[in-house]
Amino acid sequence: MKKRHGIEMYSLSEFDANDLPGSFASWDFGRRNGLPLWPEFAGGQYFEEKNFYTHLCPSSTAFEFPLKGELLIEHNDRITLVKPGWLYILPGGEANTLRGGPSGSCWKLSVGLCGPLVMPLLILLGFTGERNPVELTSPEKLCGIIDAMTPLLYRKAVEDVPSLAALAFRFLMELRMQQPAVMNPLIADAERIFEFNVANPIGLAAVARELNLSELKLIRMFRKHLGMTPKNYLIGLRMRKAASLLTHSAYSVGEIAQMCGYSSSHCLARAFRKHQGVSPLEYRKLYGGSVR
């Protein structure tokens, strides 16, 4: 069987594969227009045991789930057999290979999401760390969302953009609703406290005291459920707010610093460069529109 090498989106996102029957609809409108959450592609693919598809550096986060047969996924130095009733999350940028399973054939559906909200939403919804394979209680509901996405992606009509973005969010919410209540209520309370104090100089001790926890206990809970410390969670909130304001407002860097809980533009710039790799002003030049 003939092997192919190609590029999916950018020169950095290459793939190797052999011929695979299937049908995918894709539209890069969301990526090219900087939308925070967007369904890059959706469709189905048929694998036999000899078929494979290797993503060397995928530019989207993919959600793969077989409807018939079994799918073998090589990812993070592990091989996982994914059966019907299960879904596997493949984060963007992480190499992986898909193959047909030992049953001999597999028909699977895929959705690829992109945008700066994808990973924060997955973290907030509890899909972190080792939770790549996810058990589904109602696969048909996710299939219905993909069925709604596909013709809109084929049509590529600007008036469908809000519907497609909403379907991407609905897909993630439906996936979360099919999971047991894995979030500790105290973590959810801590998240809310941090969210409405993004502009305030709130410390870990104050949050722990509000929740009747020790600081060490709160740190351990965040690491267990979110894969990060409370401090890094708060920094992430502030960096996302700063990035949004730099892109979509005419506020000065000093004003944005105050709105994001930093005492000066210098403090914001230092944290922003560490998080984004560029200064706030450089980020605005790269991604800001003609806001006045």
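Just so we're aligned, residue 37 is where the sequence shown starts under the numbering used here, counting upward by one. The C-beta atom is built at its ideal place from N, Cα and C for all residues, glycine as well.
Three or more C-beta pairs below 8 Å linking the region 80-100 and the region 119-136: yes
Entirely enclosed beta strand (DSSP E) segments - the region 177-211, minimum 3 residues: none
Cβ contact (3+ pairs, closer than 8 Å) linking the region 139-146 and the region 185-199: no
Under 7 Å between C-beta atoms of isoleucine 223 and valine 243: no
Start and end residues, beta strand (DSSP E) containing alanine 78: 74-84
Cα-Cα separation, isoleucine 271 to alanine 235: 11 Å
Best match in Phe83, Leu282, Glu227 and Leu304 for proximity to leucine 262 [C-alpha to C-alpha]: Glu227
Classification of tyrosine 269 by the beta-carbon crowding that lies within 10 angstroms, buried from 16 upward: buried
Environment of histidine 284 [buried if 16+ CB atoms lie within 10 Å]: exposed
Within 7 Å, strictly: CB atoms of serine 280 and alanine 293: no
Integer Cβ distance of glycine 136 from glutamate 85, believed to fall under 8 Å: 4 Å
Within 7 Å, strictly: CB atoms of isoleucine 182 and valine 147: yes
Under the three-state DSSP convention, the category tyrosine 323 falls into: helix
Local conformation of isoleucine 223 per DSSP, three classes: helix
Residue from Asn248, Lys177, Leu203 and Leu200 whose Cα sits closest to the Cα of glutamine 214: Lys177
Leucine 322 classed as buried or exposed, judged by whether at least 16 other C-beta atoms fall within 10 angstroms: exposed
Alpha carbon of valine 170 to alpha carbon of leucine 247, nearest angstrom: 30 Å
Own chain, CB closer than 7 Å to serine 62, minus 5 neighbours either side, in chain order: Glu76, Phe77 and Leu189
Per-residue burial, glutamate 100 [other beta carbons within 10 Å of its own, 16 or more giving buried]: buried
Local Cβ density within 10 Å of glycine 105, reported as buried at 16 or more and exposed below that: buried
For tyrosine 298 and phenylalanine 163, the rounded distance between their alpha carbons: 30 Å
Neighbour-count burial assignment, glycine 42, 16 or more Cβ in a 10 Å radius: For glycine 42, the predicted model reports a pLDDT of 48, less than 50, meaning its position is unreliable; a value from the coordinates is still stated below. Per the 10 Å Cβ criterion, exposed.
Proximity of leucine 123 and alanine 204 at Cβ, strictly below 7 Å: no
CA-to-CA distance, leucine 252 to glycine 79, given in whole angstroms: 45 Å
Closest Cα partner of proline 221 within the set Ser199, Val197, Met257 and Thr186: Met257
Span separating the alpha-carbon of arginine 320 from that of leucine 158: 26 Å
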